[in-house]
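Chains as they are written, first to last, in the working numbering: chain G, 4 to 118; chain S, 236 to 349.
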């Protein structure tokens, strides 16, 4: 079984400041890792994913994440946030289950960007 | 706009009732996933269909069932509703089952059970 822990339920930050949203996972098998964003009253949208290869993954909207196998972490970073980045962010992990890859989601981190 | 549509957007019903939520995947997508998002449980995977066949089951209650039709749209049926079933229900679609293919989420159906 796999699980995901998002260490911060809420992260307030000022506009143009850097931000890191933390994610740790546990799994007994090789994993694939994802970050999703959910804007108010919308569904989830994929920001980036790690499947294999380079441990630094770049995504949309200037976000990036680094896979650290030894620390079982997949933290999301952005060097300079905008007001429009205010949203809920979900980290997810998946392995193969019954013929399809089904992600297990963390509880989410609310990023609040202040002007 | 992800291209995935869900109807209705909002649904208010009473305990003990039955409702049907509908999802139309993106054009060309064969996989449909259903998720439940609640404050208590977070985002939970319910069930996955691929080209009309059930492929995986998650934390789906026996009171809940789903199917995917030949035109690839899917319906999630919730019966004997309880207050705790109040949640946002999302469907997502992807081209096929492999993880390299992104899941596109619909806007969700907000179910309120009173």
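A virtual CB, placed ideally from N, CA and C, is assigned to each residue, including glycine.
Please read all numbers here as calculations on a predicted model, not as lab measurements.
Is the region 254-263 of chain S touching the region 53-63 of chain G in the sense that three or more CB pairs, one from each, lie closer than 8 Å? In short, these stretches do not touch, since the Cβ pair count stays below three.
Where does residue 304(S) land, buried or exposed, given buried means 16+ other C-beta within 10 angstroms? Counting Cβ neighbours within 10 Å, residue 304(S) comes out exposed, since fewer than 16 surround it.
Along the region 287-301 of chain S, where does the CB come closer than 7 Å to a CB of chain G? Name the residues. Within the region 287-301 of chain S, the qualifying residues are 290, 291 and 293.
Taking residue 325(S) as the query, report the chain G residues whose CB atoms sit under 9 Å from its CB, ordered along the chain. Within 9 Å Cβ-Cβ: 46 and 47.
Rounded to whole angstroms, what's the CA-CA distance from residue 278(S) to residue 339(S)? Just pull it up for me. Here the alpha carbon of residue 278(S) sits roughly 15 Å from the alpha carbon of residue 339(S).
Locate the beta strand (DSSP E) running through residue 279(S), then write down its first and last residues. Looking at the DSSP string, the run of the beta strand (DSSP E) that includes residue 279(S) is 277-285.
Between residue 42(G) and the rest of its own chain, which residues show a CB-CB distance below 7 Å, the 5 nearest in sequence each way excluded? Once the five neighbours on either side are set aside, the close Cβ partners of residue 42(G) are 90.
Applying the 10 Å Cβ sphere with the 16-neighbour rule, what's the burial state of residue 318(S)? Exposed: under 16 other Cβ atoms inside 10 Å.
Say whether chain G places a C-beta atom closer than 7 Å to the C-beta of residue 265(S). Residue 265(S) does not count as touching chain G.
Are any of the Cβ atoms in chain G nearer than 7 Å to that of residue 277(S)? Yes, residue 277(S) lies at the interface with chain G (some Cβ there is under 7 Å from its Cβ).
Cβ-heavy atom distance between residue 56(G) and the ligand ZN below 6 Å? The ligand ZN is not among the ligands present in this structure, which contains no ligands whatsoever.
Counting along the chain, where does the beta strand (DSSP E) carrying residue 85(G) start and finish? Counting along the chain, residue 85(G) sits inside no beta strand (DSSP E), nor does DSSP assign it H or E at all.
Neighbourhood of residue 330(S) by C-beta distance below 8 Å, restricted to the same chain and skipping five residues each side: Here the set comprises 263, 264, 265, 266 and 336.
With 16 as the cutoff for other CB atoms within 10 Å, does residue 274(S) come out buried or exposed? In summary, residue 274(S) is exposed, with fewer than 16 beta-carbon neighbours lying within 10 Å of its beta-carbon over all protein chains present.
On the three-state DSSP scale, how would you describe residue 236(S)? In the structure shown, the three-state DSSP call for residue 236(S) is coil.
When DSSP labels each residue in this structure, what does residue 320(S) get in the three-state scheme? The answer is helix: DSSP assigns residue 320(S) an H, G or I state.
Residue 238(S): buried (16+ other C-beta within 10 angstroms of its C-beta) or exposed? Residue 238(S) is classed as exposed because its beta carbon has fewer than 16 other beta carbons within 10 Å across all chains shown.
Check each candidate in 107(G), 116(G) and 70(G) and name the one with the smallest Cα separation from residue 86(G). Looking only at 107(G), 116(G) and 70(G), the smallest Cα-Cα distance to residue 86(G) is reached by 116(G).
Nearest-angstrom Cβ-Cβ length linking residue 332(S) and residue 270(S), presumed shorter than 8 Å: Rounded to whole angstroms, the Cβ separation of residue 332(S) and residue 270(S) is 16 Å, and the two are not in contact under 8 Å.
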